[in-house]
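Participant:
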Amino acid sequence: VTSAATYGVLGVGSIARAIVNGLCDGIPDPPRIALSPRGAAVSAELAGRYPTVAVAADNQAVVDASDVVLVCLRKADAALLGELTWRPEQAVVSAVAGVGVAQLSEWVAPATRVCRSVPMPPVADRAGLTAVHPPLAEARTLFDRLGSTLEVGDVVAYEALSATSATLAGFFEYLSTQTDWLEARGIASADARRYVAATFAGALTSLKAVDGPDFAELAAEYATPGGVNEQVARDLREHGSFDVLRDGLDRALRRLAT
Amino acid sequence: MGTVAPFFEYLRVLSDFLVGRGLAPADAQQIVSATFTGLLESLQSHESPDFAEMVKEHAPPGGGNDQLTSLMREAGVFDAMTHAVEEVHRRLTGAGS
Numbered sequence: 014v015t016s017a018a019t020y021g022v023l024g025v026g027s028i029a030r031a032i033v034n035g036l037c038d039g040i041p042d043p044p045r046i047a048l049s050p051r052g053a054a055v056s057a058e059l060a061g062r063y064p065t066v067a068v069a070a071d072n073q074a075v076v077d078a079s080d081v082v083l084v085c086l087r088k089a090d091a092a093l094l095g096e097l098t099w100r101p102e103q104a105v106v107s108a109v110a111g112v113g114v115a116q117l118s119e120w121v122a123p124a125t126r127v128c129r130s131v132p133m134p135p136v137a138d139r140a141g142l143t144a145v146h147p148p149l150a151e152a153r154t155l156f157d158r159l160g161s162t163l164e165v166g167d168v169v170a171y172e173a174l175s176a177t178s179a180t181l182a183g184f185f186e187y188l189s190t191q192t193d194w195l196e197a198r199g200i201a202s203a204d205a206r207r208y209v210a211a212t213f214a215g216a217l218t219s220l221k222a223v224d225g226p227d228f229a230e231l232a233a234e235y236a237t238p239g240g241v242n243e244q245v246a247r248d249l250r251e252h253g254s255f256d257v258l259r260d261g262l263d264r265a266l267r268r269l270a271t
Numbered sequence: 003m004g005t006v007a008p009f010f011e012y013l014r015v016l017s018d019f020l021v022g023r024g025l026a027p028a029d030a031q032q033i034v035s036a037t038f039t040g041l042l043e044s045l046q047s048h049e050s051p052d053f054a055e056m057v058k059e060h061a062p063p064g065g066g067n068d069q070l071t072s073l074m075r076e077a078g079v080f081d082a083m084t085h086a087v088e089e090v091h092r093r094l095t096g097a098g099s
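Protein chains in written order, with the working numbering: chain A, 14 to 271; chain B, 3 to 99.
1. Determine the direct distance from the alpha carbon of residue 25 of chain B to that of residue 163 of chain A, and round the result to whole angstroms.
2. Would a C-beta distance cut-off of 9 angstroms place residue 52 of chain A and residue 29 of chain A closer than the cut-off?
3. With distances taken Cα to Cα, identify the nearest neighbour of residue 127 of chain A among A/90, A/92 and A/81.
4. Within 9 angstroms of any Cβ in chain A, is that where the Cβ of residue 8 of chain B sits?
5. Indicate whether at least one CB of chain A lies closer than 9 angstroms to the CB of residue 63 of chain B.
6. Classify residue 20 of chain A as helix, strand or coil using the three-state DSSP reduction.
7. Can you confirm whether residue 90 of chain A, when its beta carbon is compared against all beta carbons of chain B, has any partner nearer than 9 angstroms?
8. With DSSP collapsed to three states, give me the class of residue 93 of chain B.
9. Applying the criterion that 16 or more other CB atoms from any shown protein chain within 10 Å of the CB defines a buried residue, is residue 204 of chain A buried or exposed?
10. Taking the alpha-carbon positions, what's the residue 95 of chain B to residue 36 of chain B distance?
11. Rounded to whole angstroms, what is the Cα-Cα separation between residue 78 of chain B and residue 254 of chain A?
12. Which residues bound the alpha helix (DSSP H) around residue 47 of chain A?
13. Spell out the partners DSSP gives residue 59 of chain A in its beta bridges.
14. Using the three-state DSSP reduction, which class does residue 85 of chain A fall into: helix, strand or coil?
15. Taking residue 71 of chain B as the query, report the chain A residues whose CB atoms sit under 8 angstroms from its CB, ordered along the chain.
16. So, helix, strand or coil for residue 142 of chain A, using DSSP?
17. I'd like the ranges of any alpha helix (DSSP H) spanning at least 4 consecutive residues and lying wholly in the stretch 131-217 of chain A.
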């Protein structure tokens, strides 16, 4: 597959939008992209912004128009893949969590070039690192255009990766807890939010600057012996907070196992 | 704030979990780092972000994020954090000592 591949997108929500923006925004020679009509507002917005992007009449028209079909449907809607007619040479790149390759292959037969993936919002800025299982040339081409690709051959490792993506809301809850606490101490709500956001934007910026970050080392850097970071970390550890996180990941993994 | 080191511990738990499931350590560190640095923009794009709202955005009902966050909430993780911050505050201010 060359850069001349035509992409199709089934299920046009926030992650599909990020992918289309990453492929087209500021790119002199963007690919042709056919979007499914579902999620009509987002599809229309993208088709209006980029001349190579068009909204297809229906899902079958997306498949018919495309060399590589990206599936960004919700799990509950994914069975509609089985109602469409596929061509043997097509590649299918799924971003649906919890649907295994065996099930996908059954739905899209006679197409056999199938993989799963976990695209994340930074693909919009071509700064994503996208996990793919199993490795598939068309997926690597696509996700390298959107940043870089992490090919994972082992299904257990791949599904573990999906489980860790369930921890983002917990991070914001952590920030929310701190904001609420500051407010209860008399800091104005907007100031508390701004302060917590700046603190963690700083932490993430230093994280971004490191190639191959060692989290234990970063934690140690912030946790001066006898200091307040060390104390909060120890209190949380003693309470079993990190054990709860581990158990939660195991549960998420069991749920995602295909 | 006293809460940055525990955040890196949070990431370390995730990275260790992935390594325990067969991912190469360098890959695990890289993907965990990419997942969270991807949130940087959402922290910087608002003057004072509403974190409770962002929790909702990232945790559609019934999904993995919703499930894991509820689990941590029920297990008292965030309460433990409030207590830990209280304790730090007490130490820093000498309040109650």
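Idealized CB from N, CA, C, for every residue including glycine. The model shown is predicted, which means the values in this text are computed figures rather than measured ones.
Facilitator: On the basis of the data shown:
1. 11 angstroms
2. yes
3. A/81
4. yes
5. no
6. Three-state result, residue 20 of chain A: strand.
7. no
8. helix
9. exposed
10. 37 angstroms
11. 8 angstroms
12. Counting along the chain, no alpha helix (DSSP H) covers residue 47 of chain A; the unbroken beta strand (DSSP E) around it starts and ends at 46-48.
13. The partner list for residue 59 of chain A (beta bridge, DSSP) is empty, contrary to what the question assumes.
14. coil
15. Chain A residues near residue 71 of chain B: 182, 183 and 186.
16. strand
17. 150-158, 168-177 and 181-197
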